[in-house]
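Q:
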Amino acid sequence: MKNITLLGATGSIGIQTLDVIRQHPEQFSLYAIAFGKNVEKALPIIQEFYPKKIVVQDMETKRKLSIHIPHQTILVGNEGMIEISVDKFTDVLVNAVMGSVGLQATLHAIRERKQIAIANKETLVTAGHLVMDEAKKYDVSLLPVDSEHSAIFQCLNGENRNEINKLILTASGGSFRDKSREDLKNVSVEDALNHPNWSMGAKITVDSATMMNKGLEVIEAHWLFDIPYDQIEVIQHKESVIHSMVEFKDSSVIAQLGTPDMRVPIQYALTYPSRLELPTTKQLNLLEVSKLHFSEMDLNRFPSLAIAFEAGRLGGSVPTVMNAANEIAVDMFLKGKISFLMIEEYIERAMSSHRLIEHPDLETIIAIDKETRHQVQSYLL
Ligand code: NDP
Ligand code: MG
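Position 280 of the sequence shown, counting from 1, maps to 1315 under this note's numbering, and the rest follow consecutively.
#1: Quick one: is H1328 buried, meaning 16 or more other Cβ sit within 10 Å of its Cβ, or exposed?
#2: Below 6 Å CB to CB, which residues in the same chain sit around Q1271 once its five sequence neighbours on both sides are set aside?
#3: Considering only DSSP beta bridges, list what P1179 is partnered with.
#4: Alpha carbon to alpha carbon, how far is P1086 from L1041?
#5: Is DSSP giving I1109 helix, strand or coil here?
#6: For a cutoff of 8 Å on Cβ pairs, would you count V1121 as touching chain E?
#7: Just to check my reading of the structure: A1144 and L1128 have Cβ atoms closer than 8 Å, yes? What is that Cβ distance to the nearest angstrom?
#8: Rounded to the nearest angstrom, how far is the Cβ of V1074 from that of K1099, given a contact under 8 Å?
#9: Just to confirm my understanding: we take A1375, look at its own chain, exclude 5 residues before and 5 after, and list those with CB closer than 7 Å. What are they?
#10: Sort out for me which residues DSSP pairs N1130 with in a bridge.
#11: Put E1331 into one of helix, strand or coil per three-state DSSP.
#12: Name the DSSP bridge partner or partners of E1091?
#13: Mind checking which residues open and close the beta strand (DSSP E) that includes M1280?
#14: Does the region 1194–1205 touch the region 1259–1279, meaning 3 or more C-beta pairs lie closer than 8 Å?
#15: Using CA coordinates, which residue listed in I1392, R1298 and M1377 is at the minimum distance from T1052?
#16: Could you compute how far the alpha carbon of I1102 sits from the alpha carbon of V1111?
#17: Exposed or buried, L1065, counting other C-beta atoms within 10 Å across all chains shown (16 or more means buried)?
#18: Quick one: is the Cβ of A1181 within less than 7 Å of any heavy atom of ligand 2?
#19: Would you mind working out which of L1259, R1384 and A1077 sits nearest M1357, comparing C-alpha positions?
#20: May I ask you to report which of helix, strand or coil DSSP gives F1063?
#21: To the nearest angstrom, report how far apart E1118 and K1088 are at their CA atoms.
#22: What did DSSP end up calling I1289 once you bin it into helix, strand or coil?
#23: Between which two residues does the alpha helix (DSSP H) containing I1267 stretch?
#24: So is the beta-carbon of Q1302 under 7 Å away from any non-hydrogen atom of ligand 1?
#25: Tell me which residues share the same chain as A1346 and place their Cβ nearer than 6 Å to its Cβ, disregarding the 5 neighbours each side in the sequence.
#26: Check K1037 in the structure and name its three-state DSSP category.
#27: From what residue to what residue does the beta strand (DSSP E) around Y1205 run?
#28: Per DSSP, which residues does I1068 bridge with? Please list them.
#29: Write down every uninterrupted run of the alpha helix (DSSP H) in the region 1303–1362 whose length is 4 residues or greater and which is fully enclosed by it, in chain order.
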């Protein structure tokens, strides 16, 4: 029986993680949860799973929640997330919060040698060098939840890393894959949130539409698999059946396939190196799918992908700036304050006014993240 601590329990990955736990009560128990502000979504989770520890984002949410569960201790903020992540009863940490706010909990959990299932890709984008240095030092492997990275991880099982030619990440193309740049000028939030293949949280759905999600994933892959950017390729594959591939020196390509269901990679990160049944997922029927399509990524059509490759190659503090600018710009778009195309404009603006710092430590990263958020917010004034 593994005790799971779940950060981001009320989110899309969080809810699907709970479903995996629910299907395997003999294997997993929910020990602790953290969420942001959504008390309504958290209450049924608390009533079903009775987590021993609960963390919320702020005092106001704590006040609201404690009306319903007056006898339970409720922790708050980053300190709370760190506390449950390193708790001696936590066996596995599933980090599924949205944004760079998940960074410190990840670092602390690594130092306590916890098994970590990482969905929170912003952690690896904003401070990949720190996370991977700590992971190496403490001999902890980060088990990827992101479907592309789970696919690559599976393709690399038993393989020699020196024999990789390239990683091939697949991209569905997001909500606007059939639109031209011109068409994007007046798209709405509602249109952006209408993803063709995956049902996900709002931020990542917008990231998929701008293609920044794939950009974040390129950086995530660089860190997780220690592969140079020149050996990472992205191709468009609209069916999301091949979740990603690896090409080896002898020209063999290994791919991982399945229906688009995040519970599969979530479960694999919890059970690795074993596999368990997942009765509620739909089996892949290739005869039903019949055709798979692939096309080249057009970087003029999706400049965010080019921006992310550039940020990754520059390295140092640049990905931190890109990530923070993106988080704020997407939030502004979701709140109706800026248009869709202004997201990438704001990211580029923040990146071009930044002076690269080569090997930022945690303090520097936290400061740059904060400063970039303020700066991008000020573009509106
Ligand atoms: P959601 O927006 O659905 O959920 C985010 C979760 O994080 C919610 O539980 C939210 O709480 C919580 N949260 C946000 N801010 C804070 C905070 N400051 N403190 C504590 N908790 C906080 O996101 P997703 O589940 O879609 O994505 C989560 C992560 O997983 C992201 O990094 C994303 O890129 C990655 N991912 C997601 C995939 C998906 O299919 N959804 C696929 C692959 C990766 P609340 O809502 O209560 O405020
Ligand atoms: Mg993904």
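All C-beta atoms in this analysis are idealised placements derived from N, C-alpha and C, irrespective of residue type, glycine included.
A: Here's the rundown:
#1: exposed
#2: A1206, G1208, S1330 and M1332
#3: I1153
#4: 10 Å
#5: strand
#6: Given the protein chain composition of this structure (a single chain), no chain E is represented.
#7: 5 Å
#8: 5 Å
#9: As written in the sequence, residue 1375 is Phe, which differs from the Ala given in the question. Closer than 7 Å at Cβ, skipping near neighbours: L1219, V1222, A1227 and F1368.
#10: L1042 and I1153
#11: strand
#12: With the sequence shown as reference, residue 1091 is identified as Val, and Glu is not the correct amino acid for it. Paired residues: V1111.
#13: I1277 to F1283
#14: yes
#15: R1298
#16: 16 Å
#17: buried
#18: The question names Ala, yet the displayed sequence has Asp at residue 1181. Yes.
#19: R1384
#20: strand
#21: 10 Å
#22: strand
#23: First-last for I1267: I1267 to Q1271, but that is the beta strand (DSSP E), not the alpha helix (DSSP H).
#24: no
#25: V1353, P1354 and M1357
#26: strand
#27: Checking the displayed sequence, the identity of residue 1205 turns out to be Thr instead of Tyr. T1205 -> beta strand (DSSP E) spans I1199 to A1206.
#28: L1041 and I1089
#29: 1321–1324 and 1338–1349
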